[in-house]
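> Before I ask anything, here is the structure I am working with.
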Amino acid sequence: LVRPGAPVIYGNFLSSTALRSGSPTFGTPEPAAGSLVVGQLARRLGLPLRCSGSFTTSKLPDAQAMSESVNSMLAAIHCGANFLLHSAGFLDGLLSMSYEKFVLDVDFCGALHTYVRGVAVTEEDLAFDAEAEVGPGGHFFGCQHTIRHYETAYWESDLADNDPWETWSEKGALDAATRANARWKAMLAAYAPPPLDEGIREALDDFVARRKAGVEDAWH
């Protein structure tokens, strides 16, 4: 270290390469394994670790995008990362993003929050009282334990489809990207921005306009 005792975060940004084209690839198994190695090094050094997640080279929020994102995100979780960047919206090797991909990734992050909590083993979790209440041959949907926990027992996705085929078809047979499109548009329509002093708003707008004017390719 240049200055011993200085606060440090150990970080990595890993990708592999498509040897037929030389292009970088993301969300592939080799960088995922590399994240696990980096996690071991961080623990050995006693340093907090920064990793990246939800990587993909897919250009659309499709099956490839989510498969590669799961590869990289799970590796970041399992390596013990303390700080994650690019957890949502990442497409095309970070050359673009997608609102649909963003809400799909956020939904998956919700699943990961439940995943990393692990399994609780308490008297309430084991539910012996429910087994005694229902008895052999019965069902648990109406027992007191289920009523106490049915709202929180399992993580519930905001986007996944779990309906029977007939119900899914009657609702329009929507795929995940289409549902994600409707989701972000509904969220944006319902958003109420926090109050902001008009003078501050004008100053910020002026700053943004001046910065854009100073950048030749500021097409946005």
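Residue 12 is where the sequence shown starts when you use my numbering, and the numbers rise one by one after that. Where is the CB? At the ideal position from N, CA and C, for every residue including glycine.
1. Under 9 Å, do LEU58 and MET84 count as touching if we go by C-beta distance?
2. How many Å lie between VAL127 and VAL226 at the Cα?
3. Return the chain-ordered list of same chain residues with a C-beta closer than 6 Å to the C-beta of SER168, the five sequence neighbours on each side being excluded.
4. What does DSSP give as the partner residue(s) for MET108 in the beta ladder?
5. Since I believe SER80 is in contact with GLY38 (beta carbons under 8 Å), could you give me their beta-carbon distance rounded to a whole number of angstroms?
6. Taking HIS97 and LEU47 to be in contact with their CB atoms under 8 Å, please state how far apart those CB atoms are, rounded to whole angstroms.
7. Could you tell me how far apart the beta carbons of ASP116 and SER65 are, in whole angstroms, since I believe they sit closer than 8 Å?
8. I need the straight-line Cα distance from ALA53 to PHE24, nearest angstrom please.
9. Assuming ARG61 is part of the beta strand (DSSP E), what are its boundary residues?
10. Does the beta-carbon distance from LEU102 to LYS112 come in below 9 Å?
11. Report yes if the C-beta distance between CYS154 and ALA164 is below 9 Å; otherwise report no.
12. Drop a sphere of 10 angstroms on the beta-carbon of ARG194, count the other beta-carbons inside from all chains shown, and report buried for 16 or more, exposed for fewer.
13. Using the Cα positions of CYS4 and GLY149, report the straight-line distance between them to the nearest angstrom.
14. Assuming SER26 and PRO72 make a contact with CB atoms under 8 Å, what is their CB distance in whole Å?
15. THR36 to ALA99, Cα distance in whole Å?
Reading it off the structure:
1. Numbered from its first residue, the sequence shown carries residue 58 at position 47. Numbered from its first residue, the sequence shown carries residue 84 at position 73. No, the pair does not count as a contact, with Cβ atoms beyond the cut-off.
2. Translated into the one-based positions of the sequence shown, residue 127 becomes position 116. Translated into the one-based positions of the sequence shown, residue 226 becomes position 215. Roughly 43 Å separates the two Cα atoms.
3. Translated into the one-based positions of the sequence shown, residue 168 becomes position 157. Closer than 6 Å at Cβ, skipping near neighbours: ASP118.
4. Sequence index remark: in the sequence shown, residue 108 carries index 97 (1-based). MET108 is bridged to PHE101.
5. Taking the sequence shown and counting its residues from 1, the one referred to as residue 38 is at position 27. Taking the sequence shown and counting its residues from 1, the one referred to as residue 80 is at position 69. That pair is a contact at about 6 Å.
6. As a first step, residue 97 must be located in the sequence shown, where it is residue number 86. As a first step, residue 47 must be located in the sequence shown, where it is residue number 36. About 18 Å; that fails the 8 Å criterion.
7. Translated into the one-based positions of the sequence shown, residue 116 becomes position 105. Translated into the one-based positions of the sequence shown, residue 65 becomes position 54. Between SER65 and ASP116 the Cβ distance is about 5 Å, and since that is below 8 Å, they are a contact.
8. Within the sequence shown, residue 53 is the residue found at index 42, counting from 1. Within the sequence shown, residue 24 is the residue found at index 13, counting from 1. One C-alpha to the other measures close to 14 Å.
9. One-based indexing of the sequence shown puts residue 61 at position 50. Taken as a continuous stretch (DSSP letters only), the beta strand (DSSP E) holding ARG61 covers 60 to 63.
10. Position 91 of the sequence shown, counting from 1, holds the residue named residue 102. Position 101 of the sequence shown, counting from 1, holds the residue named residue 112. Yes. Within cutoff.
11. The residue given as residue 154 occupies position 143 in the sequence shown. The residue given as residue 164 occupies position 153 in the sequence shown. Against a cut-off of 9 Å, the Cβ pair of ALA164 and CYS154 comes out as no contact.
12. One-based indexing of the sequence shown puts residue 194 at position 183. It counts as buried.
13. With the chain represented from 12 up to 231, any question about residue 4 goes unanswered, as that position is not in the structure.
14. In the sequence shown, the residue the question calls residue 26 occupies position 15. In the sequence shown, the residue the question calls residue 72 occupies position 61. Their Cβ separation, rounded to whole angstroms, is 20 Å, which puts SER26 and PRO72 out of contact at 8 Å.
15. Position 25 of the sequence shown, counted from the start, is the residue given in the question as residue 36. Position 88 of the sequence shown, counted from the start, is the residue given in the question as residue 99. Cα to Cα, THR36 sits roughly 17 Å from ALA99.
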